[in-house]
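Student:
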Amino acid sequence: MDDAQCNENVEINDGSVVEICLNNKGQDYLVVVPLQTATLLLNDPEEASNFIENKLKGENESLESEESEASQASQGRTVVVWTSKKPTGLDHEATQYFLLLRASYSKKFEDKKTIKRQLYGMIAKKNVVGYYVGEGREAIEKCRMKFANMQKQYLQYIGHMKTTGAEHKEPPSYFDEMHEILGGQDRVDPINLQDSFEDSGVIKDQNEEVRDPDQSGSAGPSGSGRPSGSGRPSGSGRPIVSSVPSGSAIKSSDISNRFSTIKSVKPVSTNVIMIDIMKEQQKSRQQNFDKLENILDTQNEQRERFLSQFQSLIEIQKKRKRINSSSSDSS
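This is the structure:
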């Protein structure tokens, strides 16, 4: 039974045994039980709580029995390793055997679901057979602290060697054994991330001076310059050819700036982004206002046209009334 963060409630290992996740007092536990027992535990929280309590009690009893076995095995031993400031030959042998055991459990130590204290307990139990490191929890803590101190020295040395211009420093004891255990971790050998930015176009610089890489002097704009020193032996027989054509003027397009390909990684200010957004919004509003103004002008023209036609219609009606009234009077 392991402490873990459960992503799924049930995971079937084979036809009759399943792995389920149970919660007791806010702690998740992974247990492997038969299918019928799993159904009972998932449907009855009280039964599941009792099951976990019994399991924990059994593990504590097992740990106590291991402590008693270690105590019985250590009877008659008077020499305890890793107690003196100056390591003895027995301490050296015990450390080598301890690192050999630690390397054999490397994959389990990298597994986040595995309880590290249990692994150190297994190492202490195996180590006490050949070299006495203590009893029970004291031996577990002693093994853990021993590896933690050696790991600290190893990481300090690795960091010192990666520092530019650092003075020479002797590697710590058991460096090769520790490098075999920790050398593949990301904090020791990080992954190299390649730059994915493409090279930008070359920007021409008119103020840069053209120089001949084969000569110690510089050539003038007209190409008639001569080297001030003897970059090659005078009797070598190899003519020095200038990279600047003689008798022709240097164009600004022929002058390039090697620093123009350097790309700035400075993040864009949020103020610039907000200003660009406001400009886009202002431009969009102006376009909408222009459209609305055109619509209003068209509407006014139609209104004027309608009023003119209506006025002419009224005038026609008035003329007809006058004609009709005059004809009736004459009759």
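Following the numbering used here from start to finish, the sequence shown increments by one per residue and tops out at 332. Note that CB positions come from ideal geometry on N, CA and C, so glycine has one too. Note that this is a predicted model, so its numbers are computed, not measured.
Mind reading off the beta-carbon distance from valine 81 to glycine 27? Whole number of angstroms is fine, and I expect it under 8 Å.
Tutor: Taking the sequence shown and counting its residues from 1, one reaches residue 81 at position 80. Taking the sequence shown and counting its residues from 1, one reaches residue 27 at position 26. Between glycine 27 and valine 81 the Cβ distance is about 39 Å, and since that is not below 8 Å, they are no contact.
Student: Among Glu181, Gln119, Val266, Gln288, which has the Cα closest to the Cα of arginine 138?
Tutor: Position 137 of the sequence shown holds residue 138. For arginine 138, the closest alpha carbon among the candidates Glu181, Gln119, Val266, Gln288 is that of Gln119.
Student: Measuring alpha carbon to alpha carbon, tell me which residue in Asp112, Glu111, Lys114, Phe99 is nearest methionine 123.
Tutor: On the sequence shown, position 122 is the one that residue 123 refers to. When each option's Cα is compared against that of methionine 123, the closest is Phe99.
Student: What residues match up with leucine 23 in a beta bridge as DSSP calls it?
Tutor: Looking up residue 23 in the sequence shown gives position 22. In DSSP, leucine 23 forms a bridge with Tyr30.
Student: Pull up the distance between the alpha-carbon of aspartate 298 and that of glutamate 305, whole angstroms please.
Tutor: Counting from 1 along the sequence shown, the entry for residue 298 is found at position 297. Counting from 1 along the sequence shown, the entry for residue 305 is found at position 304. The straight-line gap from Cα to Cα measures roughly 11 Å.
Student: Evaluate lysine 126 with the Cβ neighbour count: other Cβ atoms within 10 Å of its Cβ, from every protein chain shown; 16 or more gives buried, anything less gives exposed.
Tutor: To locate residue 126, count along the sequence shown from 1; it is residue 125. Under a 10 Å Cβ-count criterion, lysine 126 is classified as buried, with 16 or more other Cβ atoms of the shown protein chains found around its own Cβ.
Student: By DSSP, does valine 189 sit in helix, in strand, or in coil?
Tutor: On the sequence shown, position 188 is the one that residue 189 refers to. If DSSP states are grouped into helix, strand and coil, valine 189 belongs with coil.
Student: Name the DSSP bridge partner or partners of valine 18?
Tutor: Within the sequence shown, numbered from 1, the residue matching residue 18 stands at position 17. Answer is Pro35.
Student: Where does valine 273 fall in DSSP's three states?
Tutor: Position 272 of the sequence shown holds residue 273. The answer is helix: DSSP assigns valine 273 an H, G or I state.
Student: What do you reckon, are the CB atoms on leucine 57 and leucine 42 nearer than 8 Å?
Tutor: The count along the sequence shown starts at 1 and reaches residue 57 at position 56. The count along the sequence shown starts at 1 and reaches residue 42 at position 41. No; because the gap between Cβ atoms is not below 8 Å, this pair is not in contact.
Student: Where asparagine 272 and glutamate 181 are concerned, what is the direct C-alpha to C-alpha distance, given to the nearest angstrom?
Tutor: As a working note, residue 272 is residue 271 in the sequence shown. As a working note, residue 181 is residue 180 in the sequence shown. Asparagine 272 and glutamate 181: Cα-Cα distance of roughly 51 Å.
Student: Let me know if arginine 321 comes out buried or exposed under the rule of 16 or more other beta-carbons within 10 Å of its beta-carbon.
Tutor: Position 320 of the sequence shown, counting from 1, holds the residue named residue 321. When all chains shown are included, arginine 321 counts as exposed.
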